[in-house]
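Remarks on the structure that follows.
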Amino acid sequence: MIREAALLLFFPALMAYSAASDLITMRISNGISIALVAGFLAFAAATGVPLATVGWHFACAAVVLLITFTLFAIGQIGGGDAKLAAATALWFGFPHVMEYGLISSVLGGFLTMGLLALRRWPAPQFVRDTPWMFRLHNPKVGIPYGIALAAAALIIYPETAIWTAGVMG
Numbered sequence: 022m023i024r025e026a027a028l029l030l031f032f033p034a035l036m037a038y039s040a041a042s043d044l045i046t047m048r049i050s051n052g053i054s055i056a057l058v059a060g061f062l063a064f065a066a067a068t069g070v071p072l073a074t075v076g077w078h079f080a081c082a083a084v085v086l087l088i089t090f091t092l093f094a095i096g097q098i099g100g101g102d103a104k105l106a107a108a109t110a111l112w113f114g115f116p117h118v119m120e121y122g123l124i125s126s127v128l129g130g131f132l133t134m135g136l137l138a139l140r141r142w143p144a145p146q147f148v149r150d151t152p153w154m155f156r157l158h159n160p161k162v163g164i165p166y167g168i169a170l171a172a173a174a175l176i177i178y179p180e181t182a183i184w185t186a187g188v189m190g
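Numbering follows the working numbering, in which position 39 of the sequence shown is assigned residue number 60; successive positions increment by one, without gaps.
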């Protein structure tokens, strides 16, 4: 029962925190990615995920890290987004990583279009009075893509093997 509750709360709580952090500060702490890696290892051990499967999940995360750090190096995404995507891919493995990428892209596109549309209008006073909102309104500031990454992760999480092994038995 405790294991099931932990599986229900740990990953979603870190995803929610990463989205909120990116929204308010435009940063995703390295601690979130580290916690995701440590949590994956703990839950994989607790749910009896075979070592070979854990290895494949790490291979998936490495591929995603290579791709996202290339995007970071050419200035297309933030470093926190790159690390969050890779740490999330660790939980999903190859069976769900393409779906994660697709859903993240679609949600990120909607987020980007929405923010760009809002930035065309003058900021209302309550936005100007709230530093993080005013920063989001600035057209020179990037998009908090961690929101899309976290939302996509929450959509896919119940389909993953670690969820099934831990919650469904």
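We put the beta carbon where it would ideally sit given N, CA and C, even for glycine.
Three-state class that DSSP yields for residue i in the structure shown
i: W142; result: coil
i: R48; result: coil
i: D150; result: coil
i: P160; result: coil
i: Y38; result: helix
i: G167; result: helix
i: T181; result: coil
i: V191; result: With the chain covering only 22 through 190, there is no way to say anything about residue 191.
i: G100; result: helix
i: I55; result: helix
i: I95; result: coil
i: G129; result: helix
i: G60; result: helix
i: G7; result: Residue coverage of the chain in this structure runs from 22 to 190, which leaves residue 7 outside it and unanswerable.
i: G76; result: helix
i: G122; result: helix
Contact check, residue i vs residue j, beta carbons under 7 Å
i: A108; j: V58; result: yes
i: L35; j: L105; result: no
i: G173; j: I98; result: In the sequence under discussion, the amino acid at residue 173 is Ala, which differs from the Gly named in the question. No; because the gap between Cβ atoms is not below 7 Å, this pair is not in contact.
i: R195; j: V148; result: This structure cannot settle anything about residue 195, because the visible part of the chain is limited to 22 through 190.
i: R140; j: H158; result: yes
i: I177; j: D43; result: no
i: C81; j: A41; result: no
i: T68; j: A186; result: yes
i: T89; j: A66; result: no
Exposure label - residue i; buried when at least 16 CB within 10 Å
i: V70; result: buried
i: W112; result: buried
i: T181; result: buried
i: G101; result: buried
i: D150; result: exposed
i: V127; result: exposed
i: I95; result: exposed
i: I49; result: buried
query = Do the segment 71-78 and the segment 48-58 touch if we need at least three Cβ pairs shorter than 8 Å?
reply = no
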